[in-house]
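In mature numbering (1 follows the signal peptide of the UniProt record, and there is no 0), the protein residues as written are -21 to -1, 1 to 257.
We put the beta carbon where it would ideally sit given N, CA and C, even for glycine.
Note that the coordinates shown come from a computational prediction; the quantities given were computed from them, not determined experimentally.
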């Protein structure tokens, strides 16, 4: 009798240990990221059925279409999404705020679709993000200032949309950003002089918007600037700052159809300048 009772007690302890103490050996995608991906899929129209397998299995283990994960689990024991590559899929409708739950994602690529609505401010929660690629859609509304606090962002590519409003001053915090591609939108207002604090900026493309005010002379302080395109804006009564003649790294400066006045730029101090359009 005693032996049976001891065996029963040991069996209970053994079962409890393996149910509650032993770590799981199953490797799966972080549950909150699975929820986010399903919400992202639910907010989009996918007429070509490219994302049909997002409704079954596990995103990372089951290889969901266009979802690229890290190939090892993180310290929390889960796989995490590294890239969303959803370009040229004829997607429409809107971007889900749940994108912000993919906090370890490095590349977010929705280029060349027909997605409308605004850019969710929750994108500012993706602190690992390096490439934000949204060009060639039907996006509207303002730029979320939260994007300006992404510490690893290398490229913001939102050209060829219908984005309006001003350029947030918070974008001056993007110390790793090399490419600002915001051309062919409906951005308005003054170019923030604070952008002159960007140490890595190489391309500043703001042509074909509704920008106004003056050309910030402080842009001459950008140490790596190669290309500036500001064509087809309305800097009425503004002149080209003489300091632009000191941007020795510049390869291209384009200021056509900007309603500029005043003297022409002395570009003799820009040795590599190959294209000057005024």
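Query	Result
Residue 120: first and last residue of the uninterrupted beta strand (DSSP E) it sits in	Element bounds for residue 120: n/a, residue is neither H nor E.
Beta-bridge partners of residue 95, as assigned by DSSP	73
Same chain, Cβ closer than 6 Å to residue 250, neighbours up to 5 away in sequence not counted	none
C-beta atoms of residue 255 and residue 239 nearer than 8 Å	no
Inter-stretch contact (C-beta, 8 Å, three-pair minimum) for the segment 210 to 224 and the segment 179 to 192	yes
Cβ separation of residue 265 and residue 109, assumed to be a contact under 8 Å, to the nearest whole Å	The structure shown does not extend to residue 265, since the chain is modelled only from -21 to 257, so the question has no answer here.
Enclosing alpha helix (DSSP H) for residue 64 [first to last residue]	Careful: residue 64 lies outside any alpha helix (DSSP H), inside the beta strand (DSSP E) at 60 to 64.
Coil, strand or helix - residue 13 by DSSP	helix
Residue range of the beta strand (DSSP E) that includes residue 206	206 to 208
For residue 100, three-class secondary structure by DSSP	helix
Beta-carbon separation (whole angstroms), residue 162 vs residue 142, contact threshold 8 Å	Rounded, the Cβ-Cβ distance is 11 Å, inconsistent with contact.
Option nearest residue 241 by Cα separation, candidates 193, 204, 21	193
Proximity test, residue 216 beta-carbon vs the ligand MG heavy atom, cut-off 7 Å	Questions concerning the ligand MG fall outside what the structure shown contains, since it holds no ligand whatsoever.
Distance, residue 123 Cα to residue 99 Cα	7 Å
Beta carbon of residue 60 nearer than 8 Å to that of residue 38	yes
Sequence-distant residues of its chain with Cβ nearer than 6 Å to residue 148 (five each side left out)	171, 173
Candidates 183, 62, 18, 226, of which the one nearest residue 136 by Cα	183
Distance between beta carbons of residue 244 and residue 219, contact taken as under 8 Å	5 Å
Bounding residues of the beta strand (DSSP E) (the contiguous stretch that carries residue 182)	182 to 184
Three-way DSSP call (helix, strand, coil) for residue 256 in this model	strand
Top-ranked residue by Cα proximity to residue 49, from 34, 58, 42	58
Rounded separation between residue 3 and residue 208 - CA only	Interpretation of residue 3 is limited by its pLDDT of 43, a score under 50 that renders its predicted location unreliable; no figure is taken from the coordinates.
Identified DSSP bridge partners for residue 23	72
Element boundaries [beta strand (DSSP E), containing residue 232]	231 to 233
DSSP state of residue 134 mapped onto helix, strand, coil	strand
Sub-8 Å separation of residue 67 and residue 95 beta-carbons	no
Residue 230 vs residue 252 beta-carbon contact at 8 Å	yes
Rounded separation between residue 91 and residue 116 - CA only	6 Å
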